[in-house]
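If you want it as structure tokens, here you go:
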């Protein structure tokens with residue numbers, strides 16, 4: 092196993108966050124433009140247009156399964172460049188898409204390309220850090236990363252209003268080239284040559300076998316998939332909720348930004364608490380609150396119309412505040428036992444969680460038409476199952492140490 096660093100460098104955190112941030116930019120910047128894009132490609136059903144979001148996640152899930160093991164064999168940096176190249180092709184295809192089907196193909200290609208920087212940034216963090224300290228770095232990276240969802244929808248609306256929806260994709264291309272240049276100039280390779288794994292047809296089979304030997308990795312990957320799926324419902328339906336159900340097209344970017352701030356603040360707070368309290372304790376507290384908030388909303392608004400905007404935002408703010416203690420910690424716990432296969436490990440865990448999240452988001456999102464209640468039902472179901480898995484693993488741990 093590679094020797095881990097003891098102290099993070101600010102630039103390393105910033106570069107890793109920038110690699111992940113292109114993913115957020117590609118997803119969140121188009122949210123205000125989904126209706127306009129749908130009109131341009133002859134797709135007028137808001138429920139169908141949710142695929143503009145979910146299909147990029149399909150690409151993210153499939154792509155990382157390939158790029159992860161490739162990075163274990165050929166190094167982290169070359170595969171990031173390959174991924175960005177595919178993303179550029181996908182972006183150009185989106186700009187030129189003559190139909191809904193071509194737009195979806197472009198979004199899948201964007202996701203495949205972005206799966207490289209997204210997955211490999213996690214591998215590079217695991218190459219350099221471990222344990223609760225790795226969770227702390229993941230929290231700081233995620234906190235930087237959250238800045239993009241805060242500004243992306245407002246930026247997307249600005250370019251939509253002044254230059255058309257195509258300009259949003261040109262902006263994504265510009266930032267991709269900028270981050271690529273920074274990554275090339277300033278970030279050294281983190282995978283030492285002596286730790287490379289020769290690429291072969293057995294790498295996937297061996298990787299899956301090794302990963303499934305670690306029950307904690309499997310369990311927290313499943314939990315990550317459930318929580319990601321529930322959050323993906325919000326991402327794919329947010330425009331529909333605020334622009335159609337609440338008639339707030341002009342205010343949507345600012346509402347989205349405010350909710351993203353709640354995730355960012357809790358993620359930053361997690362970075363300061365995780366070393367002191369431990370990532371497992373924080374995950375348990377956050378999951379308990381996550382379930383409770385969703386169940387309270389369901390109890391208050393079952394068979395009732397949508398609440399006022401203030402009430403909805405209050406519940407969503409509380410719900411998303413718990414996510415800052417979940418996203419980074421869940422991935423860190425899942426990755427902790429498999430540092431010796433960090434590349435393929437990050438790829439497989441990411442693939443499993445994403446492939447779980449897509450059908451969850453697609454199914455629950457189909458019910459979010461005239462009410463926000465299905466959104467919170469999704470939060471509660473995924474949260475309760477996740478809490479059950481966590482408690483089961485905690486029980487196994489106590490039995491093992493008894």
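In my numbering, the protein residues as written are 92 to 493. Positions of the beta carbon are idealized from the N, C-alpha and C atoms, including for glycine.
Start-to-end residues for the alpha helix (DSSP H) that takes in residue i
{"i": "residue 140", "result": "137-140"}
{"i": "residue 113", "result": "101-119"}
{"i": "residue 395", "result": "Element bounds for residue 395: n/a, residue is neither H nor E."}
{"i": "residue 424", "result": "418-426"}
{"i": "residue 123", "result": "Careful: residue 123 lies outside any alpha helix (DSSP H) and carries neither H nor E."}
{"i": "residue 261", "result": "257-277"}
{"i": "residue 296", "result": "293-302"}
{"i": "residue 208", "result": "191-219"}
{"i": "residue 329", "result": "306-330"}
Own chain partners of residue i with C-beta closer than 7 Å, once the 5 adjacent residues on each side are dropped
{"i": "residue 382", "result": "471, 474, 475 and 478"}
{"i": "residue 223", "result": "365, 366, 369 and 370"}
{"i": "residue 484", "result": "307 and 310"}
{"i": "residue 480", "result": "310, 313 and 314"}
{"i": "residue 96", "result": "Interpretation of residue 96 is limited by its pLDDT of 49, a score under 50 that renders its predicted location unreliable; no figure is taken from the coordinates."}
{"i": "residue 400", "result": "337"}
8 Å Cβ shell around residue i - same chain, five flanking residues per side excluded
{"i": "residue 209", "result": "110, 111, 114, 151, 155 and 441"}
{"i": "residue 305", "result": "428 and 429"}
{"i": "residue 232", "result": "104, 107, 108, 111, 212, 216 and 419"}
{"i": "residue 432", "result": "163, 288, 298, 301 and 302"}
Among the options, the one whose alpha carbon lies nearest that of residue i
{"i": "residue 258", "options": "158, 143, 121 and 309", "result": "121"}
{"i": "residue 436", "options": "388, 312, 249 and 143", "result": "312"}
{"i": "residue 347", "options": "403, 197, 309 and 387", "result": "403"}
{"i": "residue 240", "options": "292, 369, 261 and 343", "result": "343"}
{"i": "residue 202", "options": "224, 144, 220 and 169", "result": "144"}
{"i": "residue 175", "options": "394, 455, 328 and 265", "result": "265"}
{"i": "residue 410", "options": "379, 438 and 335", "result": "379"}
{"i": "residue 286", "options": "412, 162, 484 and 138", "result": "162"}
{"i": "residue 182", "options": "134, 338 and 118", "result": "118"}
{"i": "residue 131", "options": "177, 192, 159 and 147", "result": "192"}
{"i": "residue 158", "options": "317, 392 and 290", "result": "290"}
Contacting residues, own chain, Cβ-Cβ under 6 Å from residue i (five flanking each side not counted)
{"i": "residue 361", "result": "230, 415 and 416"}
{"i": "residue 321", "result": "469, 470 and 473"}
{"i": "residue 489", "result": "For residue 489, the predicted model reports a pLDDT of 45, less than 50, meaning its position is unreliable; a value from the coordinates is still stated below. Answer for residue 489: no residue qualifies."}
{"i": "residue 467", "result": "385, 388 and 389"}
CB contact below 7 Å: residue i versus chain B
{"i": "residue 406", "result": "Here there is only one protein chain, and chain B is not present."}
query: Should the segment 154-170 be regarded as contacting the segment 199-209, the criterion being three or more beta carbon pairs within less than 8 Å?
result: Yes: the two stretches touch, three or more of their Cβ pairs being nearer than 8 Å.
- prompt: Does the segment 448-459 come close enough to the segment 172-191 that 3 or more CB-CB pairs lie under 8 Å?
  reply: no
message: Assess contact between the segment 237-252 and the segment 161-172, defined as three or more Cβ pairs (one per stretch) separated by less than 8 Å. Is contact present?
response: no
- prompt: Along the chain, which unbroken stretches of the alpha helix (DSSP H) at least 4 residues long are found entirely within the segment 353-410?
  reply: Counting only runs of 4 or more residues that sit fully inside the segment 353-410, the alpha helix (DSSP H) segments are 370-392, in chain order.
Every unbroken alpha helix (DSSP H) inside the segment 140-180 [4 residues or more]: DSSP runs (the alpha helix (DSSP H)) wholly in the segment 140-180: 142-165.
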